[in-house]
Amino acid sequence: DIQMTQSPSVLSASVGDRVTLNCKASQNINKYLNWYQQKLGEAPKLLIYNTNNLQTGIPSRFSGSGSGTDYTLTISSLQPEDVATYFCFQHNSWPLTFGSGTKLEIK
Amino acid sequence: EVQLVETGGGLVQPGKSLKLTCATSGFTFSNAWMHWVRQSPEKQLEWVAQIKAKSNNYATYYAESVKGRFTISRDDSKSSVYLQMNSLKEEDTAIYYCTRLGYWGQGVMVTVSS
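These protein sequences, in sequence, are chains U and E. Quick note: to get the numbering used here, add 4 to the position in the first sequence (first position is 1). Quick note: to get the numbering used here, add 15 to the position in the second sequence (first position is 1).
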């Protein structure tokens, strides 16, 4: 199975900061990497699919990059409504797997 | 508008069975690859199962933790996907989401406890 390791597990930043969340796969996942945002009490929401494609309706301050085993989600200017837990998800090979999440807080 | 609505959750004893239903609308269901994903009380997301479309011979895939106990199926005439869960264990307690990865249902709670 492909293990997905997210770092940091908790991130505290100020409004307006540029924020970077990391996700590392235990083997090459060929850019089949999605990023999800989950707010308290809600279902996950797709932000980025296949590494760097912004889902319709998602603000352009969110972007993704990476290749091979290393992937990044960047928020260019953190907003209060971005408080959430962010999960990466590989759909390159079965069983599909999620990272354990990064909880993003506002300082 | 895309909608996915899960039903069928509840409290069940260990060893018993439960069947979840996900009714969908707003997209061409027959072409969609559908998944079940669950979230434990500790908030960890776990992919559970996938079923592909008719053009892919309805191929199915499962997490090791549920293989042999859970069965995913679909009825394209009803735009619905199902998860039959047998021999339930306490560790199956979770919110179960139906998803096509880009769109998710609101989830349904399954509690396995004596």
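In this text, a Cβ means the ideal position worked out from N, Cα and C, and glycines have one as well. All figures in this text were calculated on a predicted structure; none of them were measured in a lab.
Boundaries of the beta strand (DSSP E) around residue 79 of chain U: 74-79.
Three or more Cβ pairs drawn from the stretch 119-128 of chain E and the stretch 23-40 of chain E lie within less than 8 Å of each other, which places the two stretches in contact.
The alpha-carbon of residue 104 of chain E is positioned some 17 Å away from that of residue 64 of chain E. The DSSP assignment places complete beta strand (DSSP E) segments of no fewer than 3 residues inside the stretch 33-90 of chain E at 33-40, 49-54, 60-66, 75-77 and 85-90, in order along the chain. Straight-line spacing of the CA atoms in residue 76 of chain U and residue 69 of chain U works out to 5 Å. Contact with chain U is absent for residue 73 of chain E, since none of that chain's Cβ atoms lies less than 8 Å from the residue's Cβ. Taking residue 88 of chain U as reference, the option from U/20, U/30, U/11 and U/40 with the minimal CA-CA separation is U/40.
If you check the CB distance, residue 68 of chain E and residue 45 of chain E come in under 8 Å.
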